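A.B. asks: Each residue of the sequence shown is one higher than the last, beginning at 6 in my numbering.
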Amino acid sequence: MTEPVLIKRSFLIASIAVLQTVTSPLLAAASLLAVKRSWNISFEHSPSTLTVTLILLFLVLIRPPRSLNSQLNWQPLAGALGIVLQWLLVLIVLLLIGYSTNVLRDYPSHAIVAWSLITPVCMILGNLSVRYVMRQLVLSAVHARKVIFAGYNRSSLNLARRLERDPALRLDVVGFFDDRAAERLNMETDTRLVGRLSDLATFARERNVDVIFIALPMRHVKRVLDLLDDLRDTTASIYYVPDIFVFDLIQSRSSDLHGVPVVALCETPFYGYRGIAKRLIDVSLAALLLIGSSPLLLGIAVVVKLSSPGPAIFRQRRYGLDGQEIIVYKFRTMTVTEDGVDVKQASRADPRVTSIGRFLRRYSLDELPQLINVLQGRMSLVGPRPHAVAHNELYRKLIKGYMVRHKVLPGITGLAQINGARGETVTVDQMADRVRHDLDYLRHWSPMLDFKILLRTFLKVFGDDKAF
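Structure (structure tokens):
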């Protein structure tokens, strides 16, 4: 549901929504001031600069709730955990910025630790308070609005069900208008056919209907125009519902192109500031990991080189962003370096895997050179895992939507991997399950999702029996 339907909400409710957006960064800044006074720290930089930085980081990195319902039905335990994870993400990026700009040295380490621990507690209490006030205001009966639908079909029924599941919208569905009989429409038992389309305008005037959704098929343009003409004598908000629910939508959003309204059905989630945030996190964390693990990388390279004939680093062609070929780096774990039209996947007890290679694959250490790919911009820390070109050409013909996963940069780890979809894919169904997770990642991406995937990847490294 888009926000224009909610435009008649009071200014007070809109103010509460804005307050909720800035609550966390303002509380983070306030807790820093409290720590400053407790330790008598003198700021060389204006506190307002830090406050603005915190607000920008929260806006860029933290994805807002998709609906008012998700905010009002906030579960304290799960919500508190989410706030802690959000704070960790913002704190990491903020510390990286402070370190790179030498601002971090102006703050004592004990003050930073205290601030890091105090802030999430303040954020949790503050968000609970704001949500309580919002719930009392939004769920007031004063804000309830009557809704009717012109046309009974899959689109209108789908939208009506979503409205019913989101009581925070305060949109009460009165019923449907259609020229076909209820028996012919095969209406569900809990839906109501109020009348014919010719009765809709009169009903809207007499019952003070607030919102009308026109869900007639696009081929019935004449009927839509006639209905709009009849509704000119009402004050109802009118919306046209295009029949797009039958599509498998990925990052769907409406916009306009030179004044012409368009609806994105399949698009990358990394547009605008989202792409900047994604790249900033990738470069910062990849650089830190490379620097920190450089002795380990050097040691592994030497051991691989000495353990068996062949190069220490294995280069393989894979598909990257938009299906373009890229070169991916890995530590060589086999006695062969296959990269042709027929690449055999590694299996359990595969004789091609070397003894040191088996250890590296077990703990995913062979993937570490891909941090270089991340810095090059060929890969991301999190995203759909890249497959060998030969496997792509095979499965793109067998699995519907397979190539859509290439709308984003491939990742070192991904949603599929933390859900167990890794290792050898013996059947097409196994690969289809992996692709399903990849497409879910595209649909629901947020910086917080990336952070959770990275955390779960680290935890699974030591307990995943599918790594071989």
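For every residue, glycine included, the Cβ atom is placed at its ideal position computed from N, Cα and C.
All values derive from a computational prediction rather than experimental measurement.
Could you spell out where the alpha helix (DSSP H) holding Phe456 opens and where it closes?
C.D. replies: 452-465
A.B. asks: Just to confirm my understanding: we take Phe364, look at its own chain, exclude 5 residues before and 5 after, and list those with CB closer than 8 Å. What are they?
C.D. replies: Leu370
A.B. asks: Rank Ala39, Gly131, Ala33 by C-alpha distance to the C-alpha of Leu62 and give the top, closest one.
C.D. replies: Ala33
A.B. asks: Quick check: what's the CA-CA separation for Ser53 versus Lys41?
C.D. replies: Annotation: Ser53 to Lys41 spans about 14 Å, alpha carbon to alpha carbon.
A.B. asks: Please work out which residues of its chain come closer than 7 Å, Cβ to Cβ, to Met453, disregarding the five sequence neighbours upstream and downstream, and give them in chain order.
C.D. replies: Ile67, Arg68, Leu90, Gln91, Leu94
A.B. asks: Would DSSP call Glu398 helix, strand or coil?
C.D. replies: helix
A.B. asks: Sort out for me which residues DSSP pairs Tyr244 with in a bridge.
C.D. replies: Bridge partners of Tyr244: Phe218.
A.B. asks: Between which two residues does the alpha helix (DSSP H) harbouring Tyr446 extend?
C.D. replies: Annotation: the continuous alpha helix (DSSP H) that includes Tyr446 extends over 433-449.
A.B. asks: Can you grab the Cα-Cα spacing for the pair Ala306 / Ser451, in whole Å?
C.D. replies: 35 Å
A.B. asks: Throw me the rounded Cβ distance for the Gly325 and Ile331 pair, which I believe falls under 8 Å.
C.D. replies: 4 Å
A.B. asks: Taking C-beta to C-beta, are Val333 and Gln321 nearer than 8 Å?
C.D. replies: Contact annotation: Val333 and Gln321 have beta-carbon atoms nearer than 8 Å.
A.B. asks: What are the complete beta strand (DSSP E) segments, minimum 3 residues, inside the region 305-336?
C.D. replies: Runs of the beta strand (DSSP E) inside the region 305-336: 318-324, 330-336.
A.B. asks: In whole angstroms, what separates the C-alpha of Lys13 from that of Leu174?
C.D. replies: Reliability fails at Lys13, whose pLDDT of 48 lies under 50, so the model's placement of it is uncertain and no value is given.
A.B. asks: Please state the DSSP three-state secondary structure of Met339.
C.D. replies: When DSSP states are grouped into helix, strand and coil, Met339 belongs to the strand group.
A.B. asks: Cutting at 7 Å between CB atoms, please list the residues of its own chain near Lys465, excluding the five before and the five after it.
C.D. replies: Ile423
A.B. asks: How big is the Cα-Cα spacing for Leu270 and Gly277?
C.D. replies: 18 Å
A.B. asks: For the 8 Å Cβ check, are there 3 or more pairs between the region 187-199 and the region 151-160?
C.D. replies: yes
A.B. asks: Roughly how many angstroms lie between the CA atoms of Leu414 and Thr462, to the nearest whole one?
C.D. replies: 18 Å
A.B. asks: Run the CB neighbour count on Val178, radius 10 Å, all protein chains shown included, and call it buried at 16 or more, exposed below.
C.D. replies: buried
A.B. asks: Nearest CA to the CA of Ser312: which residue from Gly362, Thr124, Leu198?
C.D. replies: Gly362
A.B. asks: If you draw a straight line from the alpha carbon of Gln141 to that of Ile255, how long is it in whole angstroms?
C.D. replies: 34 Å
A.B. asks: In its own chain, which residues sit with a C-beta less than 8 Å from the C-beta of Leu99, not counting the 5 before and 5 after it?
C.D. replies: For Leu99, the CB contacts under 8 Å within the same chain, skipping 5 residues up- and downstream, are Thr58, Leu59, Leu62 in chain order.
A.B. asks: Would Ala241 pass as a contact of Ile217 if the rule is Cβ separation under 8 Å?
C.D. replies: yes
A.B. asks: Assuming contact is defined by CB atoms lying nearer than 8 Å, are Ile153 and Ala85 in contact in what I supplied?
C.D. replies: no
A.B. asks: Does Arg258 come out as helix, strand or coil in the three-state DSSP assignment?
C.D. replies: Correct three-state label for Arg258: strand.
A.B. asks: Which value, in whole angstroms, describes the spacing of the CA atoms of Met6 and Arg166?
C.D. replies: At Met6, the pLDDT of 42 sits below 50, so the modelled position is not reliable; the number obtained from the coordinates is stated separately. So the two alpha carbons sit approximately 12 Å from each other.
A.B. asks: Are Val420 and Asp443 closer than 8 Å when you measure CB to CB?
C.D. replies: For the record, residue 420 in the displayed sequence is Leu; it is not Val. For Leu420 and Asp443, yes; Cβs fall inside 8 Å.
A.B. asks: Does the region 193-212 touch the region 119-139, meaning 3 or more C-beta pairs lie closer than 8 Å?
C.D. replies: no
A.B. asks: Identify, in the order they occur along the chain, each residue of the same chain with its Cβ nearer than 7 Å to the Cβ of Met339, setting aside the five sequence neighbours on each side.
C.D. replies: Taken in chain order, the residues that qualify are Arg357, Val358, Thr359, Gly362.
A.B. asks: Quick one, which of Asp438, Arg439, Val431, Ile417 has its alpha-carbon nearest Ile458's?
C.D. replies: Ile458 has its Cα closest to that of Ile417, out of Asp438, Arg439, Val431, Ile417.
A.B. asks: Count the other CB atoms, across all protein chains shown, that sit within 10 Å of the CB of Pro274; report buried if there are 16 or more and exposed otherwise.
C.D. replies: Its Cβ being crowded by 16 or more others within 10 Å, Pro274 is buried.
A.B. asks: Answer yes or no: do Arg337 and Pro316 have a C-beta to C-beta separation smaller than 8 Å?
C.D. replies: yes
A.B. asks: In chain order, what are the residue ranges of uninterrupted beta strand (DSSP E) at least 3 long that sit wholly in the region 365-398?
C.D. replies: 385-387
A.B. asks: Report, in whole angstroms, the separation of the C-beta atoms of Leu96 and Ser121, which I expect to be a contact under 8 Å.
C.D. replies: 6 Å
A.B. asks: What did DSSP end up calling Ile404 once you bin it into helix, strand or coil?
C.D. replies: coil
A.B. asks: Could you pull the DSSP bridge partners for Asp177 from this structure?
C.D. replies: Lys151
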